[in-house]
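Participant:
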Amino acid sequence: MSALLGELARAPDVELGSAWDHVLRPGAVVGRFELVREIGRGGFGVVYEARDRELGRSVAFKAVRAGERASLQEERLLREAEAAARLSHPNIVTLFDAGRCEHGPYLVLELLRGETLAARLSGEPLAPRDALRIASEVASALEHAHARGVVHRDLAPGNVFVCDDGRVKVLDFGLSHAFGRRRISGGTPGYMAPEQWRGAPEDERTDVYALGVLLYRMLAGALPFPDDEDGVATAGPKPAPALRVPGAPAIGALVARMLAKDPVDRPRDGAEVAAALDALRSEPGRTPGAAPTPARRRRRPARRRWIAAAVALLALALVGGVLALRAREAASPPAAGAGEARVTIAVADFENLTGEPELGGLSGMLITSLEQSRRLSVLTRVRMLDILRQLGREKVTAVDEPLGREVARSAGARALVLASIRRFDELYAIELKALDPLTSEYLFTLKETGRGKASVPPMIDRLSEETRQRLRESPAEVIASRVLVASATTASFEAYAHFFRGEQAMDGTRYEEALREYRVALDVDPEFALANYRIAYLGEFTGLDSATRRAAIEAAVRGAGRVPEKERLLIEAWKAHVDGDQARAHDLYARAVEAYPQDKEVLYMAADLHFHDGELTPALALFERALALDPTWEPALMHVTDALGKLGRVDEMLARSRRWVEKVPGGASYRSLALAEMLAGSVEDAERNARRALELDGNVFSRVALAEALQLEERYGEAEALVRPIAEGANPSDRTKATVALATTLAYQGRRRAALELLDGLPSHARPPTEPTVRLLHLLGEESPEAARAEAERLVASGSRWDGLPTVLALTGASEAAAAQARALQPGPARALYEAVAAWRGGDRQRALELLRPLLDDPRRGGDLAAGATWIGATVAFEAGRDEAAIAALRALRRMPGGMPRSWMYPRSFYLEALALDRLGQRARARESVDHLVKLLRDADPDLPLLAEAKALRRRIGEGEGPGRR
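Following numbering that gives the first Met the number 0, the numbering of the sequence shown begins with 0 at its first residue and continues without gaps.
So this is what it looks like as structure tokens:
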């Protein structure tokens, strides 16, 4: 808004006048909006019904014709316009967007169905109850705007809209003046206050006067000062004629105060008028023609002394109970009975009016409390943000009422809960409203007050229980699943505020930031179980040492008896995982998935455990369910594409990654596409997309992906330069990932000693699961099976769950130990590879090749195990004298990405290929292979066994020939 007003202040006059004239017609397209039909003309523009072609919704498109540009430069009006653009209230039309195109500025607003109050007023008075209802809703809008420093200044029947469903909306709050229509030129004669005619300062009481005129006209059928086009009567000393409503003298007295010539004598603002009108509407017997209607409990005038407000709030608390706001039994969402689906509700962020930032995360506490219901399905805040992203609302930091309505409607929620908290000295008040998002009818309102900040959690508990009962949950059910929010989370608002920020950072995959916030939360409240759990969970993926992680999960378990059921299941599942009891961990996650099938985090965690246990098919199914809830969630997308690659479904991985890039062209999506292209053999494309990923996010994952692409092209120097600075950097999590990539790059070049030193320098908890593969293959191929067996047995004793251990043990000849380990393997590539090795070591080469054939026929199948399977298949074929098959497998191996295992097998493949070619009599080609190998190993350790073997082979097949001689 500020940028738009700044442009208009500098724009030539012609651009603010007739530029729209040749554009505004049905069928015209402005940006993403297609104009449908003209629906009105206002003080500063023409309004069309339009279709938002991106979001697929109907909107009101207002082409602005700005007037006096000098006013645009007044800072007060600028600030007010910006505030008006942020107003969020059921009785104020929602401003969706403000922009400028080549034809001029425009506003995009909520599309209303109905008529203006001007169209409804035909000279005849309205029924008192209708007039009071309309005035009350206008006053409610004024109360909201005035509390935020926004004054309308042009309140007239043309700016009050009565919707078909009875709702009342106030239009153009603060915007007509901001766009250059000031005072008389922007006001409406007959409704302008005396100070407006005189050019005196205006404030909230200017709007109070205009509302008084509106109410006068609705009840009397005429203006108090008719035909006063020049403002003489209005600005003069003579008071407005008395308004008499038979049987209700209080109405006339209120209108007389509102129409006072001196602003000091009027009600102070919209809040005071709203309270007075509510009092009148709550006495239907004294209002002729008025039907009984529920009274709305309102906040006391915001500008009164705090003592008066405190007394009023305490009185309300003593009276007890809360009256419904237009609540009807038919409007209440039915409760879910036994076996019925739960009622879905959404909770918007609290409106924190206390000035205390630590109270900004109270919506999380309320959601936690409401989640205990067995009758309600509460949209978590993360789920709401997911839905908003799907609706095109990116980078949302607060879910206010308009955004909450969008979410609730999109999710099919039956109720949207809105809450605000205020402070009057030591007295705190929370007001809660439940809104039907489809009809915008308020289902009920609740209010709680308490003294001191410590009273806030109990207030949230009481509001939660009352809300559940208002949504037709029985008191017995509420009591049976009651969890006190302070004990379930923390009694410290400072700690909870940091935890809340940590949750936001975690959802945004900013894990280091999330850990910092959780640690601060624990500094404030060391017994905060949920913060301890988050540290234990994230610590496994960010390089925290095992002692710290174990201490955190132990602390979380100690407090798990107080936390809600969902969080308790997650804490216990992670504790089982840390203890090595995977079966119990899977069982607990399965129970969580069954109880909370719409929680993407629950689905993701259950999937992730399957994924890292090598159970890719169930993992993929759960990741897909998480993505159904949030199609752009980066962690789930990365795991889905990775799982597809590991399962050998490379074409699907490519297709999914390309769709991801089209939808969200970020570092993660380009990185996923690069990895898919590596698997598909498109190395140049992979390098290009990995570079694009690094340009977009600059993180270590993209850097490692690019290093892997460079390794596939034998550009080891570039790969080393890319990752070494990070491997020597300060960030522990990034340093671990980069160190592994650097060690892999060195291993490709035969710099085995330096590679293993790097890996040995990592803390044991930070070593990657694939690290043993490199070490063991080196031991197997270059030292002795005995040393390899000792290393494998050490890993078995440490409780390692690496699914390659049975295969390694079989390779060393430890058949019994291998068979014992293999019992835990599920059917799949890892088990097939073990069985093939067991058959080979048992002397049955034919059986081994049969088991390996699926992987050899399509080298992309098998994921991480594909390189190892292909290498073993080539070795078995070579031993069986099937040299051509061995050569084909070795060349397939060199086209495959494979990370650390491949870094040893790749150079050795040239040696084995040279042996096979030599045996086939193709000595020239054999020399080419061994020469290439010697070139790759030019910087290798001098005592590297493979280098010595290569040189010996080169001498044997042609001493002095070829460029590879050293």
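Virtual Cβ for every residue (Gly too), placed ideally from N, Cα, C.
Quick check on E53: buried or exposed, where buried means 16 or more other Cβ atoms within 10 Å of its Cβ?
Facilitator: On the sequence shown, position 54 is the one that residue 53 refers to. Its Cβ having fewer than 16 others within 10 Å, E53 is exposed.
Participant: In chain order, what residues of the same chain have a beta carbon less than 6 angstroms from the beta carbon of R304, not counting five sequence neighbours either side?
Facilitator: Translated into the one-based positions of the sequence shown, residue 304 becomes position 305. Its pLDDT being 36, under 50, R304 is placed unreliably in this model, and the value from its coordinates should be taken loosely. Excluding residues within five positions, none has a Cβ falling inside 6 angstroms.
Participant: Can you tell me where the alpha helix (DSSP H) holding Y105 begins and where it ends?
Facilitator: Along the sequence shown, read from residue 1 onward, the residue named residue 105 stands at position 106. Note, Y105: premise wrong, no alpha helix (DSSP H); beta strand (DSSP E) at 103 to 109.
Participant: Span of the alpha helix (DSSP H) holding K599?
Facilitator: Taking the sequence shown and counting its residues from 1, the one referred to as residue 599 is at position 600. Its alpha helix (DSSP H) spans residues 599 to 611.
Participant: In angstroms with no decimal places, state the Cα-to-Cα distance between L34 and R648.
Facilitator: For the purposes of this step, residue 34 is taken as residue 35 along the sequence shown, with counting starting at 1. For the purposes of this step, residue 648 is taken as residue 649 along the sequence shown, with counting starting at 1. Approximately 46 angstroms between the Cα atoms of the pair.
Participant: Which one or two residues does DSSP pair with T448 in a beta bridge?
Facilitator: Counted from its first residue, the sequence shown places residue 448 at position 449. T448 pairs with A428.
Participant: Hey, how far is the Cα of D930 from the Cα of R924?
Facilitator: In the sequence shown, counting from the first residue as 1, residue 930 sits at position 931. In the sequence shown, counting from the first residue as 1, residue 924 sits at position 925. Using only the alpha carbons, I get a separation of about 10 angstroms.
Participant: Quick check: the Cα distance between R548 and E357, rounded to an integer number of angstroms?
Facilitator: In the sequence shown, residue 548 corresponds to position 549, counting from 1. In the sequence shown, residue 357 corresponds to position 358, counting from 1. Rounded to the nearest angstrom, the two C-alpha atoms are 27 angstroms apart.
Participant: Does the region 731 to 745 come into contact with the region 698 to 710, if we say contact requires no fewer than three beta-carbon pairs (one atom in each stretch) closer than 8 angstroms?
Facilitator: In short, these stretches touch, since the Cβ pair count reaches three.
Participant: Buried or exposed: where does S995 fall if 16 or more other Cβ atoms within 10 Å of its Cβ makes it buried?
Facilitator: The structure shown has nothing for residue 995, since the chain only spans 0 to 965.
Participant: Closest by CA to P828, which one among L646, L848, L131?
Facilitator: Counting from one through the sequence shown, the residue named residue 828 turns up at place 829. Closest option to P828, Cα to Cα, is L646.
Participant: Considering only residues of the same chain and omitting the five flanking positions on each side of K599, which have a CB-CB separation below 6 angstroms?
Facilitator: Taking the sequence shown and counting its residues from 1, one reaches residue 599 at position 600. Result list for K599: A625, L628, D629, in chain order.
Participant: So is S362 buried or exposed if we call it buried at 16+ other beta carbons inside 10 Å?
Facilitator: Counting from one through the sequence shown, the residue named residue 362 turns up at place 363. Classification of S362: buried, given that the 10 Å Cβ count is 16 or more.
Participant: With respect to the alpha helix (DSSP H) encompassing D129, which residues constitute its N-terminal and C-terminal limits?
Facilitator: Within the sequence shown, residue 129 is the residue found at index 130, counting from 1. Where D129 is concerned, the enclosing alpha helix (DSSP H) stretches over 127 to 145.
Participant: With three or more beta-carbon pairs closer than 8 angstroms as the criterion, would you say the region 252 to 271 touches the region 230 to 240?
Facilitator: Cβ pair count under 8 angstroms is three or more, so yes.
Participant: My assumption, with CB atoms under 8 angstroms, is that A969 sits in contact with Y833. Please give the rounded CB distance.
Facilitator: An answer regarding residue 969 cannot be provided, because it is not within the stretch 0 to 965 covered by the chain.
Participant: Per DSSP, which residues does D51 bridge with? Please list them.
Facilitator: The residue labelled residue 51 in the question sits at position 52 within the sequence shown. Answer is F32, R56.
Participant: Buried or exposed for K662, going by 16 or more other Cβ atoms inside 10 Å?
Facilitator: Against the sequence shown, residue 662 aligns to sequence position 663. The residue in question, K662, is exposed, as its Cβ has fewer than 16 Cβ neighbours within 10 Å.
Participant: Start and end of the beta strand (DSSP E) containing G113?
Facilitator: Position 114 of the sequence shown, counting from 1, holds the residue named residue 113. G113 -> beta strand (DSSP E) spans 113 to 115.
Participant: I need the boundaries of the alpha helix (DSSP H) containing T735, first residue and last residue.
Facilitator: Position 736 of the sequence shown holds residue 735. Note, T735: alpha helix (DSSP H), 731 to 747.
Participant: Do you know whose CA, among P896, A479, T541, lies nearest N730's CA?
Facilitator: Within the sequence shown, numbered from 1, the residue matching residue 730 stands at position 731. The candidate whose alpha carbon is nearest that of N730 is T541.
Participant: Going straight from the alpha carbon of G269 to that of T205, what length do you get?
Facilitator: The residue you call residue 269 lines up with position 270 of the sequence shown. The residue you call residue 205 lines up with position 206 of the sequence shown. Taking the straight line from one Cα to the other gives about 10 angstroms.
Participant: Could you check the C-alpha separation between T438 and G538 for me, to the nearest Å?
Facilitator: In the sequence shown, counting from the first residue as 1, residue 438 sits at position 439. In the sequence shown, counting from the first residue as 1, residue 538 sits at position 539. Taking the straight line joining both Cα atoms gives about 46 angstroms.
Participant: Kindly indicate which three-state DSSP category S376 falls into: helix, strand or coil?
Facilitator: Counting from one through the sequence shown, the residue named residue 376 turns up at place 377. Strand, per DSSP.
Participant: Can you tell which of A528, E493, Y536, E526 has its C-alpha closest to the C-alpha of L514?
Facilitator: Your numbering for residue 514 matches position 515 in the sequence shown. Looking at the Cα atoms, Y536 is the closest of the given residues.
Participant: Assess, as a yes-or-no matter, whether the region 160 to 172 is touched by the region 127 to 146 under the definition of 3 or more beta carbon pairs within less than 8 angstroms.
Facilitator: Cβ pair count under 8 angstroms is three or more, so yes.
Participant: Ends of the beta strand (DSSP E) at A97?
Facilitator: On the sequence shown, residue 97 is found 98 positions in, with the first residue counted as 1. A97 -> beta strand (DSSP E) spans 94 to 100.
Participant: Go through its chain and collect everything with a Cβ distance to A913's Cβ below 7 angstroms, but skip five positions before and after it.
Facilitator: Looking up residue 913 in the sequence shown gives position 914. Around A913: A925, S928, V929, L952.
Participant: Mapping DSSP to helix, strand and coil, what is E1038?
Facilitator: Since the displayed the chain opens at 0 and closes at 965, residue 1038 lies outside it and no answer follows.
Participant: Between the alpha carbons of G728 and H497, how many angstroms are there, rounded?
Facilitator: The residue labelled residue 728 in the question sits at position 729 within the sequence shown. The residue labelled residue 497 in the question sits at position 498 within the sequence shown. Looking at the two C-alpha atoms, the distance is approximately 28 angstroms.
Participant: Given a cut-off of 8 angstroms on the beta-carbon distance, is the pair V63 and G39 in contact?
Facilitator: Reading the sequence shown from its first residue, position 64 is the one you call residue 63. Reading the sequence shown from its first residue, position 40 is the one you call residue 39. Taking 8 angstroms as the Cβ cut-off, V63 and G39 do not qualify as a contacting pair.
Participant: Look at the alpha carbon of P248 and the alpha carbon of A275, and state the distance between them as a whole number of angstroms.
Facilitator: The sequence position of residue 248 within the sequence shown is 249, counting from 1. The sequence position of residue 275 within the sequence shown is 276, counting from 1. Taking the straight line joining both Cα atoms gives about 13 angstroms.
Participant: Taking DSSP as the reference, what is the three-state secondary structure of Y441?
Facilitator: As a position in the sequence shown, residue 441 is number 442, starting the count at 1. Residue state, collapsed to three classes: strand.
Participant: Excluding the five sequence neighbours on either side, which residues of its own chain have a C-beta within less than 7 angstroms of the C-beta of P906, listed in chain order?
Facilitator: The residue you call residue 906 lines up with position 907 of the sequence shown. Taken in chain order, the residues that qualify are Y747, G749, L932, L935, L936, L945.
Participant: Look up S409 in the DSSP assignment and say whether it is helix, strand or coil.
Facilitator: Taking the first residue of the sequence shown as 1, we reach residue 409 at position 410. S409: helix per DSSP, three-state reduction.
Participant: Grouping DSSP H, G and I as helix and E and B as strand, with all else coil, what is F423?
Facilitator: In the sequence shown, counting from the first residue as 1, residue 423 sits at position 424. It is a strand residue.
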